[in-house]
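Q: Numbering (full-length UniProt numbering), first residue to last: 1 to 164.
The C-beta atom is built at its ideal place from N, Cα and C for all residues, glycine as well.
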Amino acid sequence: SGLDLIDNCGTGGDGLKTINISTIATLIASSMGLSMAKHGSRSVSSHSGSADLLENLGVNIEMNPTQLENCFKQTHFGFLFAPLYHQSFKKSAPLRKELFTKTIFNCLGPLINPLRPKIQLLGVYDKSLCKTMALALKALGVKRAMVVNGGGTDEIVLHDITHA
């Protein structure tokens with residue numbers, strides 16, 4: 001159920017070409033027994049999106065629901081590849097890549113995890129989005145959330161101020 005699932009994701013779109021810290025943190029959290037439901041896609045404006053990173057680690061990013069359930073049971077981790085679950089993401093991916101800039105999909109993606117986790121850590125590309133995205137998560141029924149922007153990235157950082 002979504003009640004005990006956690007999603008840790010970012011909007012992307014900060015344009016800073018950083019590594020995908022949230023996906024690495026998700027893998028660490030799941031190794032500690034937390035049930036992590038990562039929903040994401042390939043990179044548009046960074047070195048690697050969550051799908052790119054996981055695929056390079058050998059993770060099957062195109063799991064069907066049965067495979068996903070088995071993965072959760074075995075590893076406390078599941079990845080939902082956005083283009084498989086949302087046709088609009090699949091159809092818009094080539095255009096988004098060509099535009100090479102953030103679009104409404106950057107903000108929409110983190111809000112539409114099909115498993116509807118009730119706990120979410122969400123990084124946003126601009127600190128001005130923190131409150132708006134927090135209110136959106138609340139309206140969607142997320143019970144606990146933190147929306148962050150660290151040093152101009154959609155991540156929590158140690159080298160600069162992280163806004164929440």
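1) Is the segment 124-132 in contact with the segment 147-155, if contact means three or more CB pairs nearer than 8 Å?
2) Shorter than 8 Å from the beta carbon of T132 to some beta carbon of chain D?
3) Which of helix, strand or coil does DSSP assign to D7?
4) Among L135, P114, L57, D126, whose alpha-carbon lies nearest the alpha-carbon of K102?
5) For the putative contact between F79 and L54, defined by C-beta atoms under 8 Å, what is the C-beta separation to the nearest angstrom?
6) Helix, strand or coil for L158, going by three-state DSSP, please let me know.
7) Should S48 and I19 be called a contact, given that it needs their Cβ atoms to be closer than 8 Å?
A: Considering the structure as presented:
1) Yes, since at least three Cβ pairs between the segment 124-132 and the segment 147-155 fall closer than 8 Å, the two stretches touch.
2) The chain inventory of the structure shown lacks chain D, comprising one protein chain alone.
3) Three-state result, D7: strand.
4) Cα-wise, what sits closest to K102 is D126.
5) Beta-carbon to beta-carbon, F79 and L54 are separated by about 6 Å, close enough to satisfy the 8 Å threshold.
6) Three-state DSSP puts L158 in coil, outside helix and strand.
7) Yes. Within cutoff.
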